[in-house]
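Just below is one structure, and these are the notes that go with it.
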Amino acid sequence: MPDNTNNNNTNDDEYEKYCYMCRRPESETGRLLGMADNIYICPDCLQKAFNSINNNSFQFLDFSKFPGFGDMNAFTHMNDIPNSQKVKKKKPKTEEDKQEEKDEFESLTLDKIPAPHKIKEMLDEYVVGQEYAKKVISVAVYNHYKRVLT
Numbered sequence: 203m204p205d206n207t208n209n210n211n212t213n214d215d216e217y218e219k220y221c222y223m224c225r226r227p228e229s230e231t232g233r234l235l236g237m238a239d240n241i242y243i244c245p246d247c248l249q250k251a252f253n254s255i256n257n258n259s260f261q262f263l264d265f266s267k268f269p270g271f272g273d274m275n276a277f278t279h280m281n282d283i284p285n286s287q288k289v290k291k292k293k294p295k296t297e298e299d300k301q302e303e304k305d306e307f308e309s310l311t312l313d314k315i316p317a318p319h320k321i322k323e324m325l326d327e328y329v330v331g332q333e334y335a336k337k338v339i340s341v342a343v344y345n346h347y348k349r350v351l352t
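The opening residue of the sequence shown carries number 203 in this note's numbering; numbering runs sequentially from there.
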């Protein structure tokens, strides 16, 4: 019999999943529990939900008295949640990438920081007008680099 594995999840693996309750990414929470309609919950939130139910702190109310909760139809609109919050997964850095980043950072010294007038000249190539804004930004960038490197 042919293997009927579900191959439509290949595209899901390139996007990072988020916890539906706390909005933390999978890289921060660990493996997420997948539910219907692409809803994922982290183990921490799931445990908190179980604890609140077990401790009787969850009050079972008559939801029919609340607007929009008539027959609990509010929970059937989970498909209305946009999927546009997909974030590409970060690839793990190799030793070469880490070394390149370290070299780039170490190569930046106070002597190599361009002066504010040089930064403004670079901005002049891309921005038309806005002279005051270019001056302010160039000085702010220069001061930022000085602060970071000292």
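We put the beta carbon where it would ideally sit given N, CA and C, even for glycine.
Checklist line | Under 8 angstroms between C-beta atoms of Ile321 and Lys348 | finding: no
Next item on the list: Over the uninterrupted beta strand (DSSP E) stretch that includes Ile243, give me the two end residues.
Entry: 241-243
Checklist line | Span of the beta strand (DSSP E), counted from its first residue to its last, around Met237 | finding: 235-237
Margin query: Here's the rule: buried if 16 or more other CB atoms are within 10 angstroms of the residue's CB, otherwise exposed. What is Leu351?
Written below: exposed
Checklist line | Sheet register partners of Pro227 (DSSP bridge) | finding: Tyr220
Next item on the list: Starting from the C-beta of Asp305, find all residues in its chain whose C-beta is less than 7 angstroms away, skip the five residues before and the five after it, and write them out in chain order.
Entry: none
Checklist line | Residue burial classification, Leu235 (beta-carbon count within 10 angstroms, cutoff 16) | finding: exposed
Check: Between the segment 238-249 and the segment 215-224, are three or more C-beta pairs nearer than 8 angstroms?
Finding: yes
Next item on the list: To the nearest angstrom, report how far apart Ala238 and Ser254 are at their CA atoms.
Entry: 22 angstroms
Next item on the list: Decide if Ser340 is buried, meaning its Cβ has at least 16 other Cβ atoms within 10 Å, or exposed.
Entry: buried
Item checked: Three-way DSSP call (helix, strand, coil) for Lys292 in this model -> coil
Item checked: Closest residue to Leu312 among Ala251, Gly232, Tyr344, Glu218 (Cα-Cα distance) -> Tyr344
Next item on the list: Go ahead and label Lys292 buried or exposed: buried means 16 or more other beta carbons lie within 10 angstroms of its beta carbon, across all protein chains shown.
Entry: exposed
Next item on the list: Kindly indicate the opening and closing residues of the alpha helix (DSSP H) around Ile321.
Entry: 318-328
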